[in-house]
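**Student:**
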Amino acid sequence: MRMYDVIDKKKKGSKLTGEEIRFAVEGYVKKEIPDYQMAALLMAIYYQGMDDEELLELTNCMAESGDRVDLSGIQGIKVDKHSTGGVGDKTTLAVAPLVAACGGKVAKMSGRGLGFTGGTVDKLESIPGMELGLSQDKFFRIVNETGLSIISQSAEIAPADKKLYALRDVTATVDSIPLIAASVMSKKLAAGSDKIILDVTVGSGAFMKTREDAIQLAQKMVAIGEGAGRQTVAFLTNMDVPLGVAVGNDIEVIEAIHTLQGKGPEDFQEICLLFASHMLYMGGRGSLEECKAQAREAMENGRALEKLVQMVDNQGGDSSYITSPEKFSPAPFQQEITAWEDGYITGMDTERCGRAAVILGAGRETKDSRIDAAAGIRFWHKTGDSVKTGDPVATLYASDKKKLEEGTEYLKKAYTFGKERVEPMPSVLAFVSKDGVVDMGTNLQ
Ligand code: URA
């Protein structure tokens with residue numbers, strides 16, 4: 021078999037066989053196929069797409085390129101949750117303790133921030149002492165004993181994805197629905213859970229900017245998961261505004277704590293309860309209504325917050341930061357942005373909000389950049405809110421004055437104001453399963 025023929029076949033729009041896909045992925049991982057040929061194949065896939073059979077083969081090859089975690093040492097049905105990324109998306113920090121507090125088992129491997137989107141591992145690392153690189157034995161032991169552990173995804177999970185992602189990043193092939201689907205699902209399949217629930221974000225702060233594209237991505241991922249024998253469902257959620265009111269690391273951990281105390285922003289709380297109850301339901305812990313009630317109760321009676329404290333203790337962190345979040349040191353510099361018009365906020369370019377947070381130091385400009393845990397943004401008003409000139413709309417935090425000025429100028433351009441109120445998007449737009457798409461909100465466009 022020759023890589024030239026595989027590229028040529030896909031370029032002409034033909035379906036690749038399993039052998040051809042395996043030849044390309046395995047050859048690339050073994051360095052037998054050079055970057056330029058793999059880049060050409062990625063571009064051919066970008067334009068010609070892949071059907072469900074090709075995608076499942078591609079995903080399986082990627083999942084098999086490294087370790088496959090065997091979670092059978094953990095009792096019960098393991099349900100994994102994954103978000104395609106967003107701005108202010110700290111969902112795992114609240115959902116995982118909610119599920120564990122209701123008796124679910126959460127053995128979660130999470131990632132770091134990617135571009136303008138934040139990552140759970142970076143957020144958890146802002147808790148002093150928190151260890152996210154646990155051995156598998158310790159990880160399993162903690163989950164069996166307490167129901168909850170979150171660790172950093174090892175480099176040995178789907179290394180083919182790591183290599184392919186780096187190549188896509190420099191060849192303008194990241195924003196391909198089949199390639200994103202295979203990338204996400206290869207890691208999910210390798211991570212070993214029994215069932216998968218996907219949060220497919222949509223809007224100006226997500227990879228998928230339109231509802232139509234997000235539905236397509238969700239359908240592809242559901243088809244891959246089901247094809248691999250794992251029950252998989254997806255929710256489309258609104259990322260046309262930042263989720264909650266906080267973007268950054270310390271500040272998002274604090275928002276998750278407030279949410280577990282029942283004092284969180286409404287949109288974020290709704291999403292957390294939705295995912296927690298569906299994870300419990302898929303994990304066989306009762307009817308959907310019962311699971312919803314259980315999740316709400318764990319939020320109201322403080323048991324979910326106790327679970328978070330317990331997880332932090334078990335992983336070497338200082339849990340007094342969870343019980344007393346005022347211990348997080350505030351950033352030395354802050355700047356307020358105020359409304360410059362009377363009327364309504366008619367839109368927020370959410371990718372710009374995420375990039376502003378990166379400029380402040382909350383994310384990485386390059387892969388080796390250090391994160392400033394205290395940097396971030398607190399939004400006082402979001403799309404649909406009425407404002408008067410001079411009302412604060414956001415406060416930015418940074419440890420570097422120059423970054424603060426740059427971030428402030430950048431963030432200002434994210435806001436648009438107008439005289440007519442714009443109805444904000446519902447937090448949840450649709451549910452996608454193997455049985456089809458159920459509409460849960462209005463159209464994004
Ligand atoms: N997240 C991933 O893991 N992969 C992609 O390709 C895009 C988002």
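Counting in the numbering used here, the final residue of the sequence shown is number 465, and the numbers go up one at a time with none missing. Heads up, the beta-carbon is just placed ideally off N, CA and C, and yes, glycines get one too.
1. Hey, how far is the Cα of Phe160 from the Cα of Asp71?
2. Would you say the beta carbon of Val267 is closer than 7 Å to some non-hydrogen atom of the ligand URA?
3. Give me the Cβ distance between Ile94 and Val163, rounded to the nearest whole Å; I'm assuming they're in contact under 8 Å.
4. Please give me, in chain order, every unbroken run of the beta strand (DSSP E) with length at least 3 that falls completely inside the stretch 178 to 214.
5. Excluding the 5 residues flanking Tyr430 on each side, which residues of the same chain have their C-beta closer than 8 Å to its C-beta?
6. Any idea what DSSP makes of Glu151, helix, strand or coil?
7. Let me make sure I understand the geometry here. Which of Val332, Ala114 and Met58 has the alpha-carbon closest to that of Val190?
8. Could you give the distance in angstroms between the alpha-carbon of Pro523 and the alpha-carbon of Lys432?
9. Would you decide whether Glu356 is buried or exposed? Buried here means 16 or more other CB atoms lie within 10 Å of its CB.
10. For Gly106 and Asp270, I'd like the C-alpha separation in whole angstroms.
11. Where does the unbroken beta strand (DSSP E) through Leu91 begin, and where does it stop?
12. Which same chain residues end up closer than 8 Å to His201 when comparing Cβ atoms and leaving out the 5 residues on each side of it in sequence?
13. Please report how far the alpha carbon of Tyr185 lies from the alpha carbon of Gln335, in whole angstroms.
14. Give the DSSP bridge partners of Asp459, in chain order.
15. Look up Ser297 in the DSSP assignment and say whether it is helix, strand or coil.
16. Helix, strand or coil for Lys283, going by three-state DSSP, please let me know.
17. Could you please give me the residues that DSSP links to Asn258 through a beta bridge?
18. What is the C-beta distance between Ser206 and Asp181, in whole angstroms, given that I count them as a contact (C-beta under 8 Å)?
19. So what's Gln335 in DSSP terms, helix, strand or just coil?
20. Quick check: does the Cβ of Ser203 come within less than 7 Å of any heavy atom belonging to the ligand URA?
21. If you draw a straight line from the C-alpha of Lys312 to the C-alpha of Asp219, how long is it?
22. Please identify the residue among Gly131, Gly284 and Ala254 whose C-alpha is closest to the C-alpha of Ala178.
23. Check for me: the beta strand (DSSP E) holding Glu356 runs from which residue to which?
24. Identify every residue that forms a DSSP beta bridge with Val413.
25. Ala318: buried (16+ other C-beta within 10 angstroms of its C-beta) or exposed?
26. Taking 7 Å as the cut-off, is the C-beta of Gly105 nearer than that to any heavy atom in the ligand URA?
27. Compare the C-alpha of Ala211 against each of Ala127, Leu280 and Glu275 and name the closest.
28. Just to check my reading of the structure: Leu168 and Met63 have Cβ atoms closer than 8 Å, yes? What is that Cβ distance to the nearest angstrom?
29. Going by Cα to Cα distance, which pick from Leu325, Glu52, Lys215 and Arg42 is closest to Leu300?
30. Determine the burial state of Asp459: buried for a count of at least 16 other Cβ atoms within 10 Å of its Cβ, exposed for fewer.
31. Quick check on Met21: buried or exposed, where buried means 16 or more other Cβ atoms within 10 Å of its Cβ?
32. Note down, in chain order, each residue of its chain lying with its Cβ closer than 7 Å to the Cβ of Val141, except the 5 sequence neighbours on either side.
33. Check whether the Cβ of Ile200 lies closer than 7 Å to any heavy atom of the ligand URA, and answer yes or no.
34. In whole angstroms, what is the alpha-carbon distance linking Ile27 and Glu73?
35. Do Tyr185 and the ligand URA come close, with the Cβ less than 7 Å from some heavy atom?
36. Which of helix, strand or coil does DSSP assign to Phe136?
**Tutor:** Put simply:
1. As a position in the sequence shown, residue 160 is number 140, starting the count at 1. As a position in the sequence shown, residue 71 is number 51, starting the count at 1. Near 37 Å, if we compare the C-alpha coordinates of Asp71 and Phe160.
2. Position 247 of the sequence shown holds residue 267. Result no, Cβ not under 7 Å from the ligand URA.
3. Here residue 94 corresponds to residue number 74 of the sequence shown, with the count starting at 1. Here residue 163 corresponds to residue number 143 of the sequence shown, with the count starting at 1. Their Cβ separation, rounded to whole angstroms, is 5 Å, which keeps Ile94 and Val163 in contact under 8 Å.
4. If only uninterrupted beta strand (DSSP E) runs of at least 3 residues are considered, none is enclosed by the stretch 178 to 214.
5. Taking the first residue of the sequence shown as 1, we reach residue 430 at position 410. Closer than 8 Å at Cβ, skipping near neighbours: Arg372, Arg375, Ala376 and Ile379.
6. Taking the sequence shown and counting its residues from 1, the one referred to as residue 151 is at position 131. DSSP places Glu151 in coil when its eight states are reduced to three.
7. In the sequence shown, residue 190 corresponds to position 170, counting from 1. The shortest Cα separation from Val190 among Val332, Ala114 and Met58 belongs to Met58.
8. Outside the modelled stretch of the chain, which goes from 21 to 465, sits residue 523, for which no answer is possible.
9. If you number the sequence shown from 1, residue 356 lands on position 336. When all chains shown are included, Glu356 counts as exposed.
10. Taking the first residue of the sequence shown as 1, we reach residue 106 at position 86. Taking the first residue of the sequence shown as 1, we reach residue 270 at position 250. If I take the Cα positions, the gap works out to 17 Å.
11. Sequence index remark: in the sequence shown, residue 91 carries index 71 (1-based). Here Leu91 belongs to no beta strand (DSSP E), and DSSP marks it neither H nor E.
12. Within the sequence shown, the letter at position 181 stands for residue 201. Note on residue identity: the sequence assigns Ala, not His, to residue 201. Closer than 8 Å at Cβ, skipping near neighbours: Leu75, Thr79, Leu237, Lys240, Met241 and Ile244.
13. Your numbering for residue 185 matches position 165 in the sequence shown. Your numbering for residue 335 matches position 315 in the sequence shown. Going from the Cα of Tyr185 to the Cα of Gln335 covers about 30 Å.
14. Here residue 459 refers to the residue found at position 439 of the sequence shown. Partner residues in the beta bridge of Asp459, as assigned by DSSP, are Ala450.
15. For the purposes of this step, residue 297 is taken as the residue at position 277 of the sequence shown. In the displayed model, Ser297 falls within a helix according to three-state DSSP.
16. Against the sequence shown, residue 283 aligns to sequence position 263. Judged by DSSP in its simplified three-state form, Lys283 adopts coil rather than helix or strand.
17. One-based indexing of the sequence shown puts residue 258 at position 238. Partner(s): Val222.
18. The residue labelled residue 206 in the question sits at position 186 within the sequence shown. The residue labelled residue 181 in the question sits at position 161 within the sequence shown. Sure, about 5 Å apart at Cβ, within 8 Å.
19. For this step, residue 335 is matched to residue 315 along the sequence shown. Note: Gln335 maps to coil in three-state DSSP.
20. Within the sequence shown, the letter at position 183 stands for residue 203. Checking the Cβ of Ser203 against the ligand URA gives yes.
21. Position 292 of the sequence shown, counted from the first residue, corresponds to residue 312. Position 199 of the sequence shown, counted from the first residue, corresponds to residue 219. If you take the alpha carbons of Lys312 and Asp219, they lie about 18 Å apart.
22. Residue 178 sits at position 158 when you count from the first residue of the sequence shown. The option with the nearest alpha carbon to Ala178 is Gly131.
23. Taking the first residue of the sequence shown as 1, we reach residue 356 at position 336. Taken as a continuous stretch (DSSP letters only), the beta strand (DSSP E) holding Glu356 covers Phe353 to Thr358.
24. Here residue 413 corresponds to residue number 393 of the sequence shown, with the count starting at 1. None, per the DSSP bridge assignment.
25. Within the sequence shown, the letter at position 298 stands for residue 318. By the 10 Å Cβ count, Ala318 comes out buried.
26. Translated into the one-based positions of the sequence shown, residue 105 becomes position 85. Checking the Cβ of Gly105 against the ligand URA gives yes.
27. Looking up residue 211 in the sequence shown gives position 191. Answer by Cα proximity: Ala127.
28. To locate residue 168, count along the sequence shown from 1; it is residue 148. To locate residue 63, count along the sequence shown from 1; it is residue 43. So it is not a contact: roughly 42 Å between Cβ atoms.
29. Locating residue 300 in the sequence shown gives position 280, where the first residue counts as 1. When only C-alpha atoms are compared, the closest one is Lys215.
30. As a working note, residue 459 is residue 439 in the sequence shown. Asp459 should be labelled exposed.
31. For this step, residue 21 is matched to residue 1 along the sequence shown. Looking at its Cβ environment, which holds fewer than 16 other Cβ atoms inside 10 Å, Met21 is exposed.
32. Here residue 141 refers to the residue found at position 121 when the sequence shown is read from its first residue. Ser130, Gly131, Arg132, Leu152 and Ser172.
33. Counting from 1 along the sequence shown, the entry for residue 200 is found at position 180. For Ile200, the distance from the CB to the nearest heavy atom of the ligand URA is below 7 Å.
34. To locate residue 27, count along the sequence shown from 1; it is residue 7. To locate residue 73, count along the sequence shown from 1; it is residue 53. Cα atoms of Ile27 and Glu73: separation of roughly 18 Å, rounded to the nearest angstrom.
35. Locating residue 185 in the sequence shown gives position 165, where the first residue counts as 1. Result yes, Cβ under 7 Å from the ligand URA.
36. Position 116 of the sequence shown, counted from the start, is the residue given in the question as residue 136. If DSSP states are grouped into helix, strand and coil, Phe136 belongs with coil.
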